[in-house]
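The block underneath contains the structure these notes are about, expressed in structure tokens.
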Amino acid sequence: MLTPAAVRRSWEVHTTNHDQLSAAPISRHPPTSPDHEVRLEYEAEQKVFLAQGLLAAKRQDQQDAIDADLEHDAAEKAWLAARDARQNAATVVGLQTTDVMLDLADDFFIRKILEKATPGTQIAIAAQNALNSAEPADWKAYLATGIYAARDRDVAIENEQKAAENRQVTREIKARAENGGMRPRLVAAAATALAGSDQSTILLSRHAGRTHTP
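Mapped onto the numbering used here, the consecutive letters of the sequence shown carry residue numbers 6 to 219.
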């Protein structure tokens, strides 16, 4: 027969293995009546109470394990995404990476990019601006999108410079043709190119033996 003292000892043993049971109170004190039926009823109630408590604790332990796995998965995904962002950003400036480098904090990794970038470019300027900030969100933003926007600005600036160079070459071609007085068609072609698109000046430069490609 399961005595009240045995029930309580069993309860204490289980609570050492189940955190959720440690805070649960004993259902009630054992009755003082010597009546045998009352004691049996009490013991039956205690068995049910103990079984229900153990089941609830087991379910809670299972849910805690599930929650811990989900948190671990989320942390691992965030870690992998950060490494991918650093690797992709490194390719913009041709930076060779290692596993150690990819595990650097974002601000330290941006310093590596800044060391590799050409001074004065938009990529370098944007990197320095990101490092001037104390906000980790600004570092992540540079690696995720900022470096690509800066690269696009560098490309646009380079194209504008090349276009200006080609137009200057076209003006020189036109001036020489006008001064020579022997190539009116070239003068007209140069005038048309200057009035047209940047591509027109490129084509004229190539035709005249001076290739300037943006």
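Using N, Cα and C, we set each Cβ at its ideal position, and we do this for glycine too.
Model, not experiment: these values are computed from the prediction.
With DSSP run on the structure shown, which of helix, strand or coil describes Q101?
One-based indexing of the sequence shown puts residue 101 at position 96. The answer is coil: DSSP assigns Q101 none of H, G, I, E or B.
Just how far apart, CA to CA, sit Q166 and G185?
To locate residue 166, count along the sequence shown from 1; it is residue 161. To locate residue 185, count along the sequence shown from 1; it is residue 180. Rounded to whole angstroms, Q166 to G185 spans 29 angstroms at the Cα level.
Would you kindly report the start and end of the unbroken alpha helix (DSSP H) that includes Y254?
No information on residue 254 is available, as it lies outside the stretch 6 to 219 that the chain covers here.
When A61, L109 and A73 are compared against K145, the one with the closest alpha-carbon
Taking the first residue of the sequence shown as position 1, residue 145 is located at position 140. Here the closest residue by C-alpha is L109.
Residue burial classification, A70 (beta-carbon count within 10 angstroms, cutoff 16):
Indexing the sequence shown from 1 puts residue 70 at position 65. Classification for A70: exposed.
Using C-beta distances below 7 angstroms, list every residue in its chain close to A94, excluding the 5 sequence neighbours before and after it, in chain order.
In the sequence shown, counting from the first residue as 1, residue 94 sits at position 89. Result list for A94: I118, L148 and I152, in chain order.
Does DSSP classify P124 as helix, strand or coil?
For the purposes of this step, residue 124 is identified with residue 119 of the sequence shown, where counting begins at 1. Three-state result, P124: coil.
Quick one: which unbroken alpha helix (DSSP H) runs of 4-plus residues sit fully inside the segment 128–152? Chain order, please.
141–146
Contacting residues, own chain, Cβ-Cβ under 8 angstroms from R91 (five flanking each side not counted)
Numbered from 1 along the sequence shown, position 86 holds the residue referred to as residue 91. These residues qualify, in order along the chain: T102, M106, L107, L109, D111, F114 and L148.
What are the uninterrupted segments assigned as alpha helix (DSSP H) that are 4 or more residues long and contained completely in the segment 65–111, given in chain order?
104–107
Nearest CA to the CA of R88: which residue from E163, D104 and D78?
The sequence position of residue 88 within the sequence shown is 83, counting from 1. Per the Cα distances, D104.
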